[in-house]
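Structure first, then comments.
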Amino acid sequence: MTFIAKPRIDLPGQRTNEIGLYRRDYEGVLSTLCAGCGHDSITAAIVQAFWEMSIPPEKVVKLSGIGCSSKTPAYFISGAHGFNSVHGRMPSVATGAMAGNRDLVCIGVSGDGDSLSIGFGQFGHAVRRNVNMLYIIENNGVYGLTKGQFSASADKGSKSKKGSINQWKNIDSVSTALSMGGSFAARSFSGDREQLVTLIKAGVKHPGCAVLEVVSPCVTFNNHQGSTKSYSYTRDHYHPASQTDFIPPATEIKATYAEGESTIVELHDGSKLLLKKTDEGYDATNRSRVLRYLEQQRARGEVVTGLLFINGELPEMHQIYGTSHTPLKDIGFEKLNPGSEVLAKLQSRMR
Amino acid sequence: MEPTKTNNPDYYHKVVDCQWACPAHTDVPEYIRKIAQGEFTEAYMQNRESNVFPGILGRVCDRPCEPACRRGRTNEAPVAICRLKRVAADHRDEDIKDHLPVIPEQKNGKRIALIGAGCASLAVANDLMPVGYECTIFEALPEPGGLMRSNIPSFRLPAQVLNEEIGYIVDMGADLKLNHPIESMKDLLDEGYHAVFVGTGAPKGKELNLPGREEGGANIHIGITWLESVAFGHLETIGKRVLIIGVGNTAMDCCRTSLRLGAEDVKVMARKPREFFKASDWELEDAEEENVEIIVNHSPKEFIVENGRLTGMKFRQVEYEIEYGRIVNQMTTAEVIVPCDDVILAIGQDNAFPWIERDLGIEFDQWEVPIVDKTTFESTLPGVFFGGDSAFGPKNIIWAVEHGHQAAISIHRHCQGKDLHDRLPVMMNLSSRKMGMHEWSFSNDFDPAARRKMKHVELSQRFRDLTTEVELGFTAEQAQQEVERCLNCDIQTVFFDSLCIECDACLDICPTQCLTMTPDTDMDAVLSHMKAPRRNKEQMLLISEPLKQTARIMVKDENLCLHCSLCAERCPTAAWDMKKALFKFPRAIDYKDDVHNCPDHTGRNR
Numbered sequence: 599m600t601f602i603a604k605p606r607i608d609l610p611g612q613r614t615n616e617i618g619l620y621r622r623d624y625e626g627v628l629s630t631l632c633a634g635c636g637h638d639s640i641t642a643a644i645v646q647a648f649w650e651m652s653i654p655p656e657k658v659v660k661l662s663g664i665g666c667s668s669k670t671p672a673y674f675i676s677g678a679h680g681f682n683s684v685h686g687r688m689p690s691v692a693t694g695a696m697a698g699n700r701d702l703v704c705i706g707v708s709g710d711g712d713s714l715s716i717g718f719g720q721f722g723h724a725v726r727r728n729v730n731m732l733y734i735i736e737n738n739g740v741y742g743l744t745k746g747q748f749s750a751s752a753d754k755g756s757k758s759k760k761g762s763i764n765q766w767k768n769i770d771s772v773s774t775a776l777s778m779g780g781s782f783a784a785r786s787f788s789g790d791r792e793q794l795v796t797l798i799k800a801g802v803k804h805p806g807c808a809v810l811e812v813v814s815p816c817v818t819f820n821n822h823q824g825s826t827k828s829y830s831y832t833r834d835h836y837h838p839a840s841q842t843d844f845i846p847p848a849t850e851i852k853a854t855y856a857e858g859e860s861t862i863v864e865l866h867d868g869s870k871l872l873l874k875k876t877d878e879g880y881d882a883t884n885r886s887r888v889l890r891y892l893e894q895q896r897a898r899g900e901v902v903t904g905l906l907f908i909n910g911e912l913p914e915m916h917q918i919y920g921t922s923h924t925p926l927k928d929i930g931f932e933k934l935n936p937g938s939e940v941l942a943k944l945q946s947r948m949r
Numbered sequence: 009m010e011p012t013k014t015n016n017p018d019y020y021h022k023v024v025d026c027q028w029a030c031p032a033h034t035d036v037p038e039y040i041r042k043i044a045q046g047e048f049t050e051a052y053m054q055n056r057e058s059n060v061f062p063g064i065l066g067r068v069c070d071r072p073c074e075p076a077c078r079r080g081r082t083n084e085a086p087v088a089i090c091r092l093k094r095v096a097a098d099h100r101d102e103d104i105k106d107h108l109p110v111i112p113e114q115k116n117g118k119r120i121a122l123i124g125a126g127c128a129s130l131a132v133a134n135d136l137m138p139v140g141y142e143c144t145i146f147e148a149l150p151e152p153g154g155l156m157r158s159n160i161p162s163f164r165l166p167a168q169v170l171n172e173e174i175g176y177i178v179d180m181g182a183d184l185k186l187n188h189p190i191e192s193m194k195d196l197l198d199e200g201y202h203a204v205f206v207g208t209g210a211p212k213g214k215e216l217n218l219p220g221r222e223e224g225g226a227n228i229h230i231g232i233t234w235l236e237s238v239a240f241g242h243l244e245t246i247g248k249r250v251l252i253i254g255v256g257n258t259a260m261d262c263c264r265t266s267l268r269l270g271a272e273d274v275k276v277m278a279r280k281p282r283e284f285f286k287a288s289d290w291e292l293e294d295a296e297e298e299n300v301e302i303i304v305n306h307s308p309k310e311f312i313v314e315n316g317r318l319t320g321m322k323f324r325q326v327e328y329e330i331e332y333g334r335i336v337n338q339m340t341t342a343e344v345i346v347p348c349d350d351v352i353l354a355i356g357q358d359n360a361f362p363w364i365e366r367d368l369g370i371e372f373d374q375w376e377v378p379i380v381d382k383t384t385f386e387s388t389l390p391g392v393f394f395g396g397d398s399a400f401g402p403k404n405i406i407w408a409v410e411h412g413h414q415a416a417i418s419i420h421r422h423c424q425g426k427d428l429h430d431r432l433p434v435m436m437n438l439s440s441r442k443m444g445m446h447e448w449s450f451s452n453d454f455d456p457a458a459r460r461k462m463k464h465v466e467l468s469q470r471f472r473d474l475t476t477e478v479e480l481g482f483t484a485e486q487a488q489q490e491v492e493r494c495l496n497c498d499i500q501t502v503f504f505d506s507l508c509i510e511c512d513a514c515l516d517i518c519p520t521q522c523l524t525m526t527p528d529t530d531m532d533a534v535l536s537h538m539k540a541p542r543r544n545k546e547q548m549l550l551i552s553e554p555l556k557q558t559a560r561i562m563v564k565d566e567n568l569c570l571h572c573s574l575c576a577e578r579c580p581t582a583a584w585d586m587k588k589a590l591f592k593f594p595r596a597i598d599y600k601d602d603v604h605n606c607p608d609h610t611g612r613n614r
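Protein chains in written order, with my numbering: chain G, 599 to 949; chain C, 9 to 614.
Below, the structure written as structure tokens:
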């Protein structure tokens, strides 16, 4: 961390996005995380993605639970709505927020402790309900805030900073999301800014719960030899399964690609995802094959990244429930609260 | 890509824009920090080391440093570097004798003649006296100082400041011969001096030979000569309506001096539009503040003389066609007569050497300018050196001082019988400014404050006499705020590629996005990857060795960096450090007798 806030400096030639905002307008307060934390890198990627997509800050709701990861929403888009929930309960708050105002862009930031330990149940249900949100899991394999104990995502056999070896098999958030019936699952690395920004954009545009796990090294407790979540280990075992290009609405696809090597996924707002396979036979739209692939690569110790699974046709929460297309805030009070007579009538029907 | 070699002192020196722009390479950020700490005497001496006349330059320097100031790149005015120099001079200890170099009692037996007691000669004496030379300074006027005394009016530069700073040098034991013009170079050379330095400036004001010049001669003055007459009390009045021809800094001094001699309507007549003015912006502002009217696009045509007396001047009104800052065409639209009582010509000056015989071996070019070596300042006659305006024509005080430093080295080498071109290199020392976690021994928090404005004497008080200094100096509060505006460009961001773990922390925290990590390819690809586009090709890129994990390279655009040290604060492995670059510019005294000639010009002993 630093003690000095990043100054706002008026430099000639600074660019604005389509809605006239500078990149700095998407930043938040001074980060109090350790210097070199992967989480700060993810924060910067979020800033870049939201700035480039010209999303108005007041249209964004950022939510988190407890943990190092859950501190990060303070560090981006100061102008957004936000809620810092109880440990592991971010998905409930997200579900409620999106139920109330479906027009918001929802970004939930959680960690391996927050989502795979204490909030594991909540995580599963948000995926199952397909709440329209970007669900980022910042995965560093340790409980950094309590001084570096193994978390539920720590790989079996990896070594802690003090030298003990992890005896338990890890929970893999991507395959968990897939088996919960998730519609979007991706993995990235805080050290691969280009891929991360693309996946954040894809996740924001995806109509449903977009689970994006990001390997985010803990410089203080998990960046040593023997760690499987360090900068150098992740880079050595880095294995992109597919390469994704995000193509905003009404933009021509300029990249040339050979037939059969790429898939185009069209999203509801007209933007497209161009998936280029790097592994032969990889198909990010086939759930069972993806699961098999993930298992194979895990056995080899590879850190598989990229947009690993997507199905944009699965109904999201509002479609499943058949709820109002109008956000609740835009429905008049009279209609939302029709009075005790109507309530009495409703109750009498249930007697 | 080829990694940047930062062990050449020039690399980091160039980053310190003010110091690089200063001809005498004054360590500006260092003295500003000393002022911030209240160490005014130390700040003064730091200045004196490079520019010899901090009190004088703090008032009248041409400030090449300020346009270069990094502050200017943040859409703000540069740091008031020059006026902070004055703060150091104003608040230093009265007695600085203990800080001045010790003059050896035992002289080295070499006698040096210095012609003209201006800034160049004084700077030479300042460097040579501590080595043990005997210096004799010849001055034609009754007081030393050269143009600093004769051409700069005392309401800008009080005589007391001049006397004090010239005194430090004369008191080193220099033999100052006043009222002693040199009439013949030959006679001087015959006196057997071991070396002669010519620092006679550019004393000949340019003439404007138009109809009526002779007839109206009594009321037509040459600017620098006129200023000199005023400075020495030979002239105390001028007409009510005065026209100044020319719009350089001398013109500004002429118009403001006229006001103090009783003129009421002073107009500066400029031939070209404002963007072509030679005067510094601040001097123009000061003149306009005193209600001097500056009239553009008027080209002088004729002096109007009636009954043997100057009554006005005829001008052609000119319209210019300007493309990309250059005049491509001009046409006269009308002619006007501007009535006046006096005209002062301030259209430039030349050096002139009627007293140097042309058969001594000192060669002159077709414009009667001496041929002088640009490094050694030696003329074509070994042992005769030129410096200041007399060497390469009119520049300004700070240039003359640097000429003096270099000429002093040459004179010393000459007297030792050594090769003049065999000079010591500039030395650099980098030392970390890290004190602890997030603790640096400099104020690194970016202060967005605007430049402080110095208070001036009320207009009503100004014109009573010639000597009321207009600028009042910074108040303590102003100085305190102004020093914090300095960005400490001399505290360098030094990168150690072997320590970097490529966590992106520095890239993300950088408030100007001057850092980029990019694949190691060719220059075009690197430039296209820059997070903030490279806007100034004059400024360098710092390119690292390939990084350990991904073999990418770290690229830093020195143009944008504000030396806030956030990259170093954020770095978990101390791959970035903030190090003070201290440069040592060799002076005559650094050339010891035991430095041998070395063919590779490194100055190292063999």
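For glycine and all other residues, C-beta sits at the position ideal for the given N, C-alpha and C.
Keep in mind that this is a model prediction, so the values were computed, not measured.
Between the CA atoms of residue j and residue i - distance to the nearest angstrom
i: GLU656 (chain G); j: THR849 (chain G); result: 26 angstroms
i: TRP290 (chain C); j: VAL204 (chain C); result: 37 angstroms
i: ASP261 (chain C); j: LEU292 (chain C); result: 10 angstroms
i: SER449 (chain C); j: GLN489 (chain C); result: 18 angstroms
i: ASP928 (chain G); j: GLY801 (chain G); result: 26 angstroms
i: GLN747 (chain G); j: SER758 (chain G); result: 7 angstroms
i: GLN823 (chain G); j: VAL901 (chain G); result: 17 angstroms
i: GLU616 (chain G); j: ALA647 (chain G); result: 13 angstroms
i: MET915 (chain G); j: ARG890 (chain G); result: 28 angstroms
i: MET9 (chain C); j: HIS837 (chain G); result: 27 angstroms
i: THR883 (chain G); j: PHE907 (chain G); result: 6 angstroms
Any non-hydrogen atom of the ligand GDP within 7 angstroms of residue i CB
i: MET435 (chain C); result: With respect to small molecules bound, the structure shown includes none, and the ligand GDP cannot be examined in it.
Buried or exposed by the 16-neighbour rule on C-beta atoms within 10 Å, applied to residue i
i: GLY761 (chain G); result: exposed
i: VAL344 (chain C); result: exposed
i: LEU926 (chain G); result: exposed
i: ASP701 (chain G); result: exposed
i: SER420 (chain C); result: The amino acid occupying residue 420 (chain C) in the given sequence is His; Ser does not appear at that position. Answer is buried; the Cβ neighbour count reaches 16.
i: SER886 (chain G); result: exposed
i: ILE232 (chain C); result: buried
i: THR483 (chain C); result: exposed
i: PRO211 (chain C); result: buried
i: ALA618 (chain C); result: No answer is possible for residue 618 (chain C): it lies beyond the span of chain C, which begins at 9 and ends at 614.
Next item on the list: Give the residues from the region 603 to 629 of chain G that approach chain C closer than 7 angstroms (Cβ to any Cβ), ordered along the chain.
Entry: LYS604, PRO605, ILE607, ASP608, LEU609, PRO610, GLY611
Next item on the list: Return the chain-ordered ranges of every beta strand (DSSP E) run that is complete within the region 242 to 294 of chain C and spans a minimum of 3 residues.
Entry: 249 to 253, 273 to 277
Check: Can you find at least 3 beta carbon pairs, one from the region 9 to 26 of chain C and one from the region 483 to 498 of chain C, that sit closer than 8 angstroms?
Finding: yes
Notebook entry, point to check: Between the region 345 to 364 of chain C and the region 299 to 318 of chain C, do three or more beta carbon pairs fall short of 8 angstroms?
Noted result: yes
Notebook entry, point to check: What residues from the region 673 to 705 of chain G come within 9 angstroms of chain C, judged by C-beta to C-beta, listed N to C?
Noted result: none
Item checked: Where the region 502 to 513 of chain C meets chain G: residues whose CB sits under 7 angstroms from a CB there -> ILE509, GLU510, CYS511, ASP512, ALA513
Next item on the list: Report yes or no: do three or more beta-carbon pairs, one from the region 500 to 515 of chain C and one from the region 574 to 581 of chain C, lie closer than 8 angstroms?
Entry: yes
Notebook entry, point to check: Touch check for the region 97 to 112 of chain C and the region 74 to 89 of chain C: three-plus C-beta pairs under 8 angstroms?
Noted result: no
Item checked: Near-chain C residues of the region 823 to 843 of chain G - C-beta to any C-beta below 7 angstroms -> TYR829, SER830, ARG833
Check: Quick one: complete beta strand (DSSP E) runs, 3+ long, within the region 886 to 911 of chain G?
Finding: 901 to 908
Check: Of all the alpha helix (DSSP H) runs that stay within the bounds of the region 83 to 160 of chain C, which reach a length of 4 or more residues?
Finding: 89 to 99, 127 to 136, 155 to 158
Notebook entry, point to check: At what residue ranges does the region 445 to 520 of chain C contain a whole run of the beta strand (DSSP E), taking only runs of 3 or more?
Noted result: 499 to 503
Next item on the list: Tell me, please, whether the region 174 to 181 of chain C touches the region 117 to 137 of chain C by the rule of three or more beta-carbon pairs shorter than 8 angstroms.
Entry: yes
Next item on the list: Could you say if the region 424 to 442 of chain C and the region 463 to 472 of chain C meet the contact criterion of at least three C-beta pairs nearer than 8 angstroms?
Entry: no
Item checked: Contact between the region 139 to 149 of chain C and the region 187 to 204 of chain C (3+ Cβ pairs under 8 angstroms) -> yes
Next item on the list: Give the residues from the region 9 to 29 of chain C that approach chain G closer than 8 angstroms (Cβ to any Cβ), ordered along the chain.
Entry: none
Margin query: Threshold first: 3 residues or longer. Then list the beta strand (DSSP E) segments lying entirely within the region 767 to 839 of chain G, N to C.
Written below: 782 to 787, 807 to 813, 836 to 838
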